[in-house]
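Note that the sequence shown covers residues 197 to 605 in my numbering. For each residue, glycine too, the CB sits at the ideal point set by N, CA and C.
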Amino acid sequence: MKKISSQVIIIGGGPVGATFACALASSGIKSIIIDQQDINTLSMPKTDGRAIAINSASRSLFQTIGIWENIPQNEIQSIEKIHTLNGLEQKGLLFQELEDTGDGLGSIIEMPVLKASILDKVQEHIKTGFITWKGNQKVTNIDFKDFGARVETDSGQDYTTPCVVGADGKNSITRKISGIQADAKSYHQTALVCAYTHTNSHENTAYEIFLPTGPFAILPMTKNRSSVVWSLDEDIAKTLLKGPEENIDKEIIKLMAPYLDNLKRVGKIWSYPLGLSHVKKYSVNRCALIGDAAHAIHPLAGQGVNLGLRDAAILAEIIHDAIKLGIDYGLPSTLQKYDAWRKFDVSSLLIMTDGLNRLFSNSSKTLNFIRGNGLKIINRLPLVKGSLGKRAKGLGGKLPKLIKGERLT
Ligand SMILES: Cc1cc2nc3c(=O)[nH]c(=O)nc-3n(C[C@H](O)[C@H](O)[C@H](O)COP(=O)(O)OP(=O)(O)OC[C@H]3O[C@@H](n4cnc5c(N)ncnc54)[C@H](O)[C@@H]3O)c2cc1C
Numbered sequence: 197m198k199k200i201s202s203q204v205i206i207i208g209g210g211p212v213g214a215t216f217a218c219a220l221a222s223s224g225i226k227s228i229i230i231d232q233q234d235i236n237t238l239s240m241p242k243t244d245g246r247a248i249a250i251n252s253a254s255r256s257l258f259q260t261i262g263i264w265e266n267i268p269q270n271e272i273q274s275i276e277k278i279h280t281l282n283g284l285e286q287k288g289l290l291f292q293e294l295e296d297t298g299d300g301l302g303s304i305i306e307m308p309v310l311k312a313s314i315l316d317k318v319q320e321h322i323k324t325g326f327i328t329w330k331g332n333q334k335v336t337n338i339d340f341k342d343f344g345a346r347v348e349t350d351s352g353q354d355y356t357t358p359c360v361v362g363a364d365g366k367n368s369i370t371r372k373i374s375g376i377q378a379d380a381k382s383y384h385q386t387a388l389v390c391a392y393t394h395t396n397s398h399e400n401t402a403y404e405i406f407l408p409t410g411p412f413a414i415l416p417m418t419k420n421r422s423s424v425v426w427s428l429d430e431d432i433a434k435t436l437l438k439g440p441e442e443n444i445d446k447e448i449i450k451l452m453a454p455y456l457d458n459l460k461r462v463g464k465i466w467s468y469p470l471g472l473s474h475v476k477k478y479s480v481n482r483c484a485l486i487g488d489a490a491h492a493i494h495p496l497a498g499q500g501v502n503l504g505l506r507d508a509a510i511l512a513e514i515i516h517d518a519i520k521l522g523i524d525y526g527l528p529s530t531l532q533k534y535d536a537w538r539k540f541d542v543s544s545l546l547i548m549t550d551g552l553n554r555l556f557s558n559s560s561k562t563l564n565f566i567r568g569n570g571l572k573i574i575n576r577l578p579l580v581k582g583s584l585g586k587r588a589k590g591l592g593g594k595l596p597k598l599i600k601g602e603r604l605t
């Protein structure tokens, strides 16, 4: 079969890989996305229970590359306040946008809506020839050579490119084949995810309640609904999931009741095993990793996709700048710039969320004293609070052009 070649080959058309392809296309760079699924199936994704918190940085990236306009406005729920509470105490850390900048602290968008809106943009770029989607194919091997890479799939088709980008999720085959090592651990926690309707307004407020059994998040959704992400010990979750769902509802409703009235679950209860992983490096010769292929993070900070989208914006800028200067963008010397830009940024967020989970998912009295007072102290330090808030919005550190609202020209 004839080899097909492209400027960039992206393995995985999930939210991160598909956005990366759009970022390249909007900068005049052609790519092929290889995914084990067909684009039409992925464009009509079924719900997986997840309501995704999209921060200001991701929103800005989506606006720059024309994805934001594809998201139906009535499917976007803005977050105006975030209450972080230690256990069931009613006082905690409150993040609130002081100036009305119009974008609040972020937006909640259900995963199927998000995926469909990104893939709509992919379809537009397919029409102009900047993106080619090769679906129903699983990548089985990649041959990295000094001058380029050859990607093989189970369809028998071969692809060649100067640069392969692995966006193939937490069990990334690109990571395995490229030999990139990752530090990984299981949290031995499971996240139970579901949504409830209520009669009073959620007032665009999210809650992060740190219980000794693990973090419990309430996220405001459109249509007077709120989503719950309850991370708890995997054995407790297993026992709860074996019993009737009404028992889980009772526990969840008890925790939501101080804030929301007449709660009724909509849809099923989903469960996700939780783990942490972070690659030791983000690139090797002819290959870079983005999204969950590079890092998987505890959902307590609601930052997984956001981190991946920032990877995408940074890598697109580095590849674009190299092409403009006539430099081989698949060489380690070019891709190391991506490594250097990402490593510190992601490590600091991973350490913060991992530390928070360990500090709060514990019933020790000493730790309870530390966390209760820690939240009070941060509340009184506007600079620290401001910097935490900025980080949650994804606006800390060196920002890539696409997040600053500048196009790559
Ligand atoms: C309970 C929960 C709540 C979360 N909440 C948030 C939140 O509020 N905010 C946030 O930012 N993040 C959140 N996340 C994290 C977020 O869901 C992930 O970070 C995100 O889905 C990763 O996207 P991705 O595109 O990197 O990978 P994936 O979505 O895993 O996409 C990978 C793609 O690669 C394809 N693929 C895989 N292997 C191959 C192969 N061999 N050949 C071809 N194709 C292949 C797959 O078909 C898939 O399309 C949450 C996660 C969980 C579990």
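{"Item": "Measuring from the CB of residue 273, is there a heavy atom of ligand 1 at a distance below 7 angstroms?", "Value": "no"}
{"Item": "For a test of your reading of the model: does the CB of residue 246 fall under 7 angstroms from any non-hydrogen atom of ligand 1? Yes or no.", "Value": "yes"}
{"Item": "Name the DSSP beta bridge partners of residue 347, please?", "Value": "338 and 355"}
{"Item": "Ordered along the chain, which non-local residues of its own chain (more than five positions away) have a Cβ less than 7 angstroms from that of residue 444?", "Value": "388, 436 and 465"}
{"Item": "Starting from the C-beta of residue 260, find all residues in its chain whose C-beta is less than 6 angstroms away, skip the five residues before and the five after it, and write them out in chain order.", "Value": "598 and 601"}
{"Item": "Would you identify the three-state DSSP class for residue 494, choosing helix, strand or coil?", "Value": "coil"}
{"Item": "Along the chain, where does the alpha helix (DSSP H) that runs through residue 512 open and close?", "Value": "500-520"}
{"Item": "Measuring CA to CA, which of 310, 268, 232 and 364 is closest to residue 213?", "Value": "364"}
{"Item": "Given residue 353, which residues of its chain have a CB within under 8 angstroms of its CB, disregarding the five upstream and five downstream residues?", "Value": "197, 200, 330 and 333"}
{"Item": "Contact between the stretch 205-220 and the stretch 507-526 is defined here as three or more beta-carbon pairs at a separation below 8 angstroms; is this criterion met?", "Value": "yes"}
{"Item": "Nearest to residue 660 by alpha carbon, out of 234, 419, 432 and 441?", "Value": "Nothing can be reported for residue 660: it is not among the residues displayed for the chain, which extend from 197 to 605."}
{"Item": "Could you give the C-beta distance for residue 499 and residue 429, rounded to a whole number, given that I count them as a contact under 8 angstroms?", "Value": "No, residue 499 and residue 429 are not in contact; Cβ-Cβ is about 22 angstroms, not under 8 angstroms."}
{"Item": "How far does the beta strand (DSSP E) with residue 385 in it reach, from first residue to last?", "Value": "378-393"}
{"Item": "Going by alpha carbons, who is nearest to residue 226 out of 515, 419, 538 and 393?", "Value": "515"}
{"Item": "So what's residue 419 in DSSP terms, helix, strand or just coil?", "Value": "coil"}
{"Item": "Kindly indicate which three-state DSSP category residue 282 falls into: helix, strand or coil?", "Value": "strand"}
{"Item": "Out of 605, 495, 422 and 405, state which residue places its alpha-carbon closest to the alpha-carbon of residue 395.", "Value": "422"}
{"Item": "So for residue 540, helix, strand or coil by DSSP?", "Value": "helix"}
{"Item": "When every heavy atom of ligand 1 is checked, does at least one fall within less than 7 angstroms of the C-beta of residue 369?", "Value": "yes"}
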